[in-house]
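S.K.: Input: one structure, supplied below.
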Amino acid sequence: MLRAWFLHRLGRRPRRQGRTQRTSRSRSLVTEMESLEGRALLTATSAVAWTAGLVTHHALYAIGAKDNVEVSVDGGSFTNLGGYAKQVSAGLDVFNKPEVYAIGVDNAVWVKDGSSPWVSLGGYAKEISATVENTIYAIGTDDNIYLSHGSPGLGWFNTGLKARQISAGADGGNPEVYAIGFDNHVYAGNGSGGPGGFANWGGYAKQIAATIDSTVYAIGADNAVYKDSGSGSGSGWVSLGGYAKQISAGIDGTFGPFVLAIGLNDGLWSNHGLGWVSLGGYVTEVSGPTISSFGVSLPADLAYAVGKGHGGLLHAGTSFTSLGGYIQTSSGSASNNTNTWAPTARDISAVSWLGPFFLKHNAVYAIAPNDSVEVSFAGGSFTNLGGYAKQVSAGLDATGSPEVYAIGADNAVWVKDGSNPWVSLGGYAKEISATVHNSVYAIGLDDAVWVNHGGPWVSLGGYAKQISAGADAIGNPEVFAIGGNDAVFVNDVGAWVGLGGYAKQISATMDNTVYAIGSDNAVYENSGGVWVSLGGYAKQISASLDATGKAEVFAIGLNDGLWSNHGLGWVSLGGYVTEVSAPAVDVGLAGDLAYAVGLGHKGLLHNGVSFVSLGGGTIE
276 MLRAWFLHRL GRRPRRQGRT QRTSRSRSLV TEMESLEGRA LLTATSAVAW TAGLVTHHAL
336 YAIGAKDNVE VSVDGGSFTN LGGYAKQVSA GLDVFNKPEV YAIGVDNAVW VKDGSSPWVS
396 LGGYAKEISA TVENTIYAIG TDDNIYLSHG SPGLGWFNTG LKARQISAGA DGGNPEVYAI
456 GFDNHVYAGN GSGGPGGFAN WGGYAKQIAA TIDSTVYAIG ADNAVYKDSG SGSGSGWVSL
516 GGYAKQISAG IDGTFGPFVL AIGLNDGLWS NHGLGWVSLG GYVTEVSGPT ISSFGVSLPA
576 DLAYAVGKGH GGLLHAGTSF TSLGGYIQTS SGSASNNTNT WAPTARDISA VSWLGPFFLK
636 HNAVYAIAPN DSVEVSFAGG SFTNLGGYAK QVSAGLDATG SPEVYAIGAD NAVWVKDGSN
696 PWVSLGGYAK EISATVHNSV YAIGLDDAVW VNHGGPWVSL GGYAKQISAG ADAIGNPEVF
756 AIGGNDAVFV NDVGAWVGLG GYAKQISATM DNTVYAIGSD NAVYENSGGV WVSLGGYAKQ
816 ISASLDATGK AEVFAIGLND GLWSNHGLGW VSLGGYVTEV SAPAVDVGLA GDLAYAVGLG
876 HKGLLHNGVS FVSLGGGTIE
């Protein structure tokens, strides 16, 4: 059984590799990341350290419950700084004093330096990473890295290098940035020399975290952590072992770099080069002070984290201290993107089905602010279903009635079918995707795809970045996956078949149909082996069926509005949404029906004509 395999796996040390290099691969499904690698890695927290009058200080900037920015200095209570943030990144200005950058509701970059008000730097950013000397790096709409020195009106410098993720650090007090390129290698430079100014350090990285002394850490293909301290060309990659969900660099008491990681037990770990040390706790995000002015002296293993219930935590020395508050950790939405281990679309999942008298029904399952599961039927108010969920995915049971699956606090898969209580299916899942016939697919610890039809878990093999379940031409379950070469694969009858292409995200529906966001951010459709471009520019997509049962796709555009495409071009549905989920399997629905998350984390239903607010509370 899957659970037994996972327990066995937990007792093993993950496979080591000498460096984070890309190994040879066959044409079968072999991928390197359990979630959406094509989009930027956005964080809800960012820590920084500095000195004032020879006294060391540290602070955590975070996104609050209302998407505002807040700060905790030296472990104190949070102070509201206002604004609206999709991501925050802390740095130091030219006087080595703390400042914070944010991606605003308009997708521009904003900066707040000390007590000064928020100032717009313009642009359109998918991800930002701040460092010293008033310097900020960003990924733009063309996926290139841009550089700004934090002064309004001076504009942004296009470095020309395309990146999946960026992490800014410092070299001798000077700004530099590391990037995961579209070839999954790690690149290093300061951005001033164009694409040729970046050194290719090789490797195959899932996530990177940079800090001082030209040091960068990476999660490699085997989920172990690797370190390179400026050797260049990848020759300096050293394996630190372990198995990490997320990493953050830190600065120790001797002004040297070290790395923090969230482990398989959701606890916090640290590594100063002499092995992993457990710091305990249960955390969902970690942020160490990666940037500081010279001369800081921090307590051992100082780190900020988000705990259960979304409260802020400070680890300093030997224990955690509560900071209180509510930190709005990044959802699976298009605007907030994901952490490297998190699913593509996490917070909502819609489903449709045929009830008595052949009446069509629809519902959306969602994660509430307290991480419980809630449901809204046909646009009604939310009803709380209890539980604790890291991701939800809705499907249909053997009778064609709705059911919902969730990844629980124990990382096992849980299911709730109708009025029945939550039941554990065991295992350890990184991502789940449910479909028809009581079937749910999961990405396991081995990064392979597993399936459960209501009994034991069965491995389908492979090594998947992202999965999306649908149904084939006769209505049987099938699953699509993004492979290590960023191509799309499908498993219908037990064997993986390559569909080619280059995908950042996929979303499947009925009749062997899958949609993908390509390397150019356009949307593509595959309904039988051939990719057809639908054009556009999408942040996130969700497949569905129209009233005739024909496949259609919804997308969040650059304007954060909702769009639909039935194959005859894109139609604007308006609104401002951060995540979309349309019913993807079973029956088609009249009009452009889709569920979404709007500003303020409110649930929305687009009923074919307009948006209707769902009552009963907010969505995480």
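If you want my numbering, it's the position in the sequence shown, counting the first as 1, plus 275. Beta carbons: idealized from backbone N, C-alpha and C, even for Gly.
Determine the closest residue to lysine 635 out of Val363, Phe886, Ala865, Leu329, with distance taken between C-alpha atoms.
M.R.: Closest by alpha carbon: Ala865.
S.K.: Starting from glutamine 741 and walking both ways along the beta strand (DSSP E), at which residues does that stretch end?
M.R.: Looking at the DSSP string, glutamine 741 is not in any beta strand (DSSP E), and its letter there is neither H nor E.
S.K.: Which residues in the same chain have their Cβ closer than 8 Å to the Cβ of alanine 723, if we skip the five residues on either side of it in sequence?
M.R.: Taken in chain order, the residues that qualify are Ser734, Leu735, Gly736, Gly737, Tyr738, Ala739.
S.K.: Spatial neighbours of threonine 331 within its chain, please: C-beta separation below 7 Å, excluding the five flanking residues on both sides.
M.R.: Same-chain partners within the cutoff: Ala324, Val571, Ser572, Leu573.
S.K.: Are the CB atoms of tyrosine 680 and valine 648 nearer to each other than 7 Å?
M.R.: Going by C-beta atoms, tyrosine 680 is not nearer than 7 Å to valine 648.
S.K.: Taking buried to mean at least 16 other C-beta atoms within 10 Å of its own C-beta, is threonine 320 buried or exposed?
M.R.: By the neighbour-count rule (16 or more Cβ atoms within 10 Å), threonine 320 is buried.
S.K.: Output needed for valine 552: all residues of its chain with C-beta closer than 6 Å, excluding positions within five of it in sequence on either side, in chain order.
M.R.: Excluding positions up to five away in sequence, the list reads Ser545.
S.K.: My guess is that alanine 524 and threonine 490 are in contact by the Cβ rule of under 8 Å, so how many angstroms apart are they, rounded?
M.R.: Between threonine 490 and alanine 524 the Cβ distance is about 7 Å, and since that is below 8 Å, they are a contact.
S.K.: Between Leu539, Leu515, Gly511, which has its C-alpha nearest glutamine 521's C-alpha?
M.R.: It is Leu539 whose Cα lies nearest to the Cα of glutamine 521.
S.K.: In whole angstroms, what is the alpha-carbon distance linking valine 558 and glycine 542?
M.R.: Distance between the alpha carbons of valine 558 and glycine 542: 6 Å.
S.K.: Can you tell me which of Gln603, Lys372, Ala334, Gly366 puts its alpha carbon nearest to the alpha carbon of glycine 328?
M.R.: Comparing Cα-Cα distances from glycine 328 to each of Gln603, Lys372, Ala334, Gly366, the minimum goes to Lys372.
S.K.: Please work out which residues of its chain come closer than 6 Å, Cβ to Cβ, to serine 364, disregarding the five sequence neighbours upstream and downstream, and give them in chain order.
M.R.: The residues are Ser321, Tyr376, Ile403, Ser404, Ala405.
S.K.: Alpha carbons only, please: which of Tyr518, Ala334, Gly528, Ser426 is nearest the one belonging to leucine 720?
M.R.: The option with the nearest alpha carbon to leucine 720 is Tyr518.
S.K.: For phenylalanine 595, which three-state DSSP category applies?
M.R.: Residue state, collapsed to three classes: strand.
S.K.: So within the stretch 373 to 457, which uninterrupted beta strand (DSSP E) runs reach at least 3 residues, ignoring any that extend past its ends?
M.R.: As far as the stretch 373 to 457 is concerned, its whole beta strand (DSSP E) runs of at least 3 residues are 373 to 378, 384 to 388, 394 to 397, 402 to 405, 411 to 414, 419 to 423, 432 to 437, 440 to 446, 449 to 455.
S.K.: What residues in its chain sit with their C-beta under 7 Å from that of aspartate 795, if we drop five residues either side in the sequence?
M.R.: Within the same chain, aspartate 795 has no close Cβ partners at all.
S.K.: Assign serine 656 to buried or exposed, taking buried as 16 or more other Cβ atoms, counted over all protein chains shown, within 10 Å of its Cβ.
M.R.: Serine 656 comes out exposed.
S.K.: From the DSSP output, which residues share a beta bridge with proline 532?
M.R.: Paired residue(s): Ile526.
S.K.: Rounded to a whole number of angstroms, what is the C-alpha to C-alpha distance between leucine 577 and valine 348?
M.R.: Their Cα atoms are separated by approximately 13 Å.
S.K.: Looking only at its own chain, which residues have a Cβ that is under 8 Å from the Cβ of isoleucine 662, when we skip the five neighbours before and after it?
M.R.: Correcting the residue type first, residue 662 is glycine in the shown sequence and not isoleucine. So the list reads Ser647, Val648, Ala681, Gly683, Trp689, Lys691, Trp697, once near-sequence residues are dropped.
S.K.: So, with DSSP's three-state summary, where would you put glycine 548?
M.R.: Residue state, collapsed to three classes: coil.
S.K.: Below 8 Å on the Cβ atoms is my guess for glycine 425 versus asparagine 409; work out the distance and round it to an integer in Å.
M.R.: Going by Cβ atoms, the distance from glycine 425 to asparagine 409 rounds to 4 Å, so yes, they are a contact pair.
S.K.: What span of residues does the beta strand (DSSP E) with valine 688 cover, start to end?
M.R.: Its beta strand (DSSP E) spans residues 688 to 692.
S.K.: How many angstroms separate the CA atom of glycine 832 from the CA atom of aspartate 821?
M.R.: So the alpha carbons of these two residues sit roughly 20 Å apart.
S.K.: In three-state terms, what does DSSP make of glycine 849?
M.R.: The answer is strand: DSSP assigns glycine 849 an E or B state.
S.K.: Keeping to the same chain, check which residues put their C-beta closer than 6 Å to that of arginine 564; ignore five residues upstream and five downstream.
M.R.: Note that residue 564 corresponds to proline in the displayed sequence, not to arginine. Answer for proline 564: Ala322, Val323, Ala324, His333, Ile526, listed in chain order.
S.K.: Quick one: using the 10 Å Cβ neighbour count with 16 as the cut-off for buried, is valine 897 buried or exposed?
M.R.: In the structure as shown, the chain starts at 276 and stops at 895, and residue 897 therefore has no counterpart that could be examined.
S.K.: Exposed or buried, what is serine 299 when buried is set at 16 or more other beta-carbons lying within 10 Å of its beta-carbon?
M.R.: Low confidence applies to serine 299: its pLDDT is 30, below 50, so where it sits in the model is not reliable, and the reading given next is rough at best. With fewer than 16 Cβ atoms within 10 Å of its Cβ, serine 299 is classed as exposed.
S.K.: In whole angstroms, what separates the C-alpha of serine 699 from that of alanine 687?
M.R.: Looking at the two C-alpha atoms, the distance is approximately 7 Å.
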